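Worksheet for the structure shown next.
Numbering (this note's numbering), first residue to last: 1003 to 1196.
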């Protein structure tokens, strides 16, 4: 049985407690907040496909921070809306970037319509763009992928297959400006690039 998104998010949060982590819109943000809100998390609500360019900018801005990883958590539908960002990441080769795509083959926030990942492999596209890739399909392979991708220079990309559906969690109704302010405050207090 495939891992639920909320379980994958919990593992990601545990793996990167001191690194900036940017989460995609909708159900992913809601489930992450329900699992435990953290100041090092940026919740990009209602902005499909923007996680990868945001983490690219953060990675470039924090490239002098030794040991610092910048993590983006994207859904397959959101990644498909901005595939050109993979080419840009591959061209610029930020060593501290890790992009994780939680692939349930659905547009989870808009009603569960199928995405093209029922026939396309996002990890193959990322690899062709110059990213080091991992493909995980269960808890153990995801844990191993997280550990390996954390230890190796990037840009790195993990495609994790998850079960379709959304966890029953409260809506995230915070103002996006407030969410951004909390994250930038954490960033300025916890990095040398302020």
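Just so it is clear, CB atoms sit at the ideal spot from N, CA and C, and this is done for glycine as well. In this text the structure is predicted, and so the values were computed from the model without any measurement.
Exercise. Quick one: what does DSSP say residue 1150 is sitting in, helix, strand or coil?
Worked result: In the structure shown, residue 1150 falls within a helical segment according to DSSP collapsed to helix, strand and coil.
Problem set entry | Cβ distance (whole Å) where residue 1153 is taken to contact residue 1100 below 8 Å | Not really, about 11 Å apart at Cβ, beyond 8 Å.
Problem set entry | Integer-rounded CB distance, given that residue 1107 should sit under 8 Å from residue 1090 | Cβ-Cβ separation between residue 1090 and residue 1107: approximately 25 Å, too far for a contact (criterion under 8 Å).
Exercise. Does the distance from the C-beta atom of residue 1043 to that of residue 1057 stay below 8 Å?
Worked result: Not a contact, by the Cβ cut-off of 8 Å.
Problem set entry | Contact between the region 1159-1170 and the region 1120-1138 (3+ Cβ pairs under 8 Å) | At 8 Å Cβ cutoff, the stretches touch.
Exercise. When you compare only the Cα positions, how much space is there between residue 1176 and residue 1124?
Worked result: Answer to the nearest angstrom: the Cα atoms are 31 Å apart.
Problem set entry | Endpoints, the alpha helix (DSSP H) within which residue 1158 is located | Residue 1158 -> not in any alpha helix (DSSP H); beta strand (DSSP E) instead, spanning 1158-1163.
Problem set entry | Per-residue DSSP class, three states only, for residue 1032 | Correct three-state label for residue 1032: helix.
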